[in-house]
Amino acid sequence: MAVENFSLADHATYRQALCVLKLGDYNRAAELYASIPDSFPDSDYAGEAILSAGRSFYRAEKYEQASPWFAKAIAAGKKEAIEAAHWLSRAQLRLGDYAAAAKTAEAAIPQAADSSFLVALKMDVADANYEVPEKRADSMAKYLAIAKEHPESKQAPQALYNGAFGALELGEYDAALQHVADFRTAFPDNRLTPDIDYISAEANLQLAKYDIAEAEYKKLTTEQAKHPELANWLNRYGLTLYLQKKYQPTIDALTAQLAAFQTPTSLAEAKFLIGASHFFLDQFDAAVTALEASLA
Numbered sequence: 003m004a005v006e007n008f009s010l011a012d013h014a015t016y017r018q019a020l021c022v023l024k025l026g027d028y029n030r031a032a033e034l035y036a037s038i039p040d041s042f043p044d045s046d047y048a049g050e051a052i053l054s055a056g057r058s059f060y061r062a063e064k065y066e067q068a069s070p071w072f073a074k075a076i077a078a079g080k081k082e083a084i085e086a087a088h089w090l091s092r093a094q095l096r097l098g099d100y101a102a103a104a105k106t107a108e109a110a111i112p113q114a115a116d117s118s119f120l121v122a123l124k125m126d127v128a129d130a131n132y133e134v135p136e137k138r139a140d141s142m143a144k145y146l147a148i149a150k151e152h153p154e155s156k157q158a159p160q161a162l163y164n165g166a167f168g169a170l171e172l173g174e175y176d177a178a179l180q181h182v183a184d185f186r187t188a189f190p191d192n193r194l195t196p197d198i199d200y201i202s203a204e205a206n207l208q209l210a211k212y213d214i215a216e217a218e219y220k221k222l223t224t225e226q227a228k229h230p231e232l233a234n235w236l237n238r239y240g241l242t243l244y245l246q247k248k249y250q251p252t253i254d255a256l257t258a259q260l261a262a263f264q265t266p267t268s269l270a271e272a273k274f275l276i277g278a279s280h281f282f283l284d285q286f287d288a289a290v291t292a293l294e295a296s297l298a
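Number 154 in my numbering belongs to position 152 of the sequence shown; there are no gaps in the numbering.
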């Protein structure tokens with residue numbers, strides 16, 4: 003703690019909090035930041051300390067404790083208010099209060115025209131609406147608008163991906179494919195490319211374009227062997243083969259990758275496709291073994 007009556011005590015406390023924050027002790031950092039406006043209400047560091055207290059509690063995943071600090075920064079109406087609105091909206095999202103999250107961000111957007119947090123606030127609104135089923139279509143439109151209006155933003159690829167994924171979820175498969183094409187043109191070799199390729203493969207699968215989906219899922223499973231969604235993509239690849247009555251290739255593809263299925267659900271799905279394929283090849287003993295395994 004800073005020495006009492008030390009003329010730069012607020013500055014010293016602020017620096018101490020920053021050091022503690024960098025060491026990863028978010029709770030202690032939050033306490034130190036919070037002490038500044040309480041002990042030094044007229045300090046030049048008070049506004050930033052209020053915001054930093056909220057951010058530190060947020061990083062500690064204490065969203066209920068973070069929220070009042072963000073609200074305090076917003077109420078102060080100073081330069082920290084726009085950023086505070088973004089973080090309050092994120093905290094409300096984490097707490098499941100989607101209506102409040104959207105309202106907080108929407109209220110700040112008119113004042114954020116020249117702020118570096120403008121796009122973040124728009125994303126906050128879209129993210130909040132996405133969590134409400136009846137507002138999901140509106141959310142998709144907002145994501146696409148962000149990508150169109152702010153193509154140079156670091157969040158533009160995520161926004162366009164979210165719009166494409168939303169279209170897939172809503173069953174708008176042709177629209178999803180158009181968004182995929184737009185993404186590939188605008189953001190080649192982006193970190194989200196494997197996920198956008200999945201949207202393309204799944205949309206084609208749902209449109210019964212099985213040959214295209216097969217090729218896309220095969221490419222995904224070959225090139226993204228360490229992706230967290232590999233097991234799901236392998237099963238979708240197997241399904242594209244199965245739906246084309248390519249039963250032996252289905253068996254071969256999935257059997258060769260059984261080690262990749264790390265959850266009971268994904269393994270059961272693979273075993274079912276293998277068993278069903280054996281059945282249609284009149285290999286009944288193998289079919290029974292695989293199908294029984296899918297129910298285990």
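Glycine included, C-beta positions come from ideal geometry on N, C-alpha and C.
Fair warning: this is a prediction, and the values are worked out from it, not measured in the lab.
For residue i, three-class secondary structure by DSSP
i: N192; result: coil
i: S58; result: helix
i: A255; result: helix
i: A128; result: helix
i: Q160; result: helix
i: P112; result: helix
i: M3; result: In this prediction, M3 has a pLDDT of 47, which is less than 50 and means its spatial position is unreliable; what the coordinates show is noted afterwards. Coil.
i: G173; result: coil
i: G79; result: coil
i: T15; result: helix
i: Q285; result: coil
i: F8; result: Summary for F8: the model assigns pLDDT 47, below 50, so the residue's position carries little reliability; its value from the coordinates is reported in the next sentence. F8 falls in the coil class under three-state DSSP.
i: G98; result: coil
i: T242; result: helix
i: A43; result: A quick correction: the sequence has Pro, not Ala, at residue 43. If DSSP states are grouped into helix, strand and coil, P43 belongs with coil.
Residue from the options whose Cα sits closest to the Cα of residue i
i: E85; options: K221, A36 and W71; result: W71
i: I253; options: T265, Y239 and Q264; result: Y239
i: F167; options: K124, A215, P153 and L146; result: L146
i: L260; options: A295, R193, A19 and Q180; result: A295
i: E225; options: L20, P196 and D176; result: P196
i: L187; options: L172, P159, G26 and Q208; result: The sequence as given places Thr at residue 187; Leu does not occur at that position. Checked all of L172, P159, G26 and Q208; the closest Cα to T187 is P159.
i: E218; options: E82, K228 and L236; result: L236
i: S118; options: M142, A83 and K137; result: A83
i: L170; options: S202, D140, A143 and D99; result: S202
i: T267; options: V290, P190, L297 and D284; result: L297
i: A333; options: E231, H181, L245 and L194; result: As displayed, the chain neither begins before 3 nor continues past 298, which places residue 333 out of reach and without an answer.
i: K144; options: E154, E133, P135 and K124; result: K124
i: K247; options: E231, L194, P230 and H280; result: H280
Own chain, CB closer than 6 Å to residue i, minus 5 neighbours either side, in chain order
i: A87; result: I76, T106 and A110
i: Y47; result: D12, Y16 and I38
i: N192; result: P159
i: D44; result: none
i: L162; result: A149 and F185
i: F42; result: D12
i: Q208; result: Y175
Buried/exposed call for residue i, threshold 16 Cβ in 10 Å
i: Q250; result: exposed
i: K156; result: exposed
i: P39; result: buried
i: L10; result: exposed
i: T223; result: buried
i: F286; result: exposed
i: G277; result: buried
i: L275; result: buried
i: E151; result: exposed
i: V121; result: buried
i: V290; result: exposed
i: T242; result: buried
i: G26; result: exposed
i: V134; result: exposed
Beta-carbon proximity list for residue i, same chain, < 7 Å, skipping 5 on both sides
i: A103; result: S91, Q94, L95, D126 and A130
i: R57; result: W89
i: A262; result: L232, A233 and L236
Neighbourhood of residue i by C-beta, 8 Å cutoff - its chain only, sequence neighbours within 5 removed
i: K81; result: G49
i: K221; result: D199
i: S69; result: G56, L90, A93, Q94 and L97
Cutoff 7 Å: residue i Cβ touching any chain B Cβ
i: N29; result: The structure shown contains no chain B; it holds only a single protein chain.
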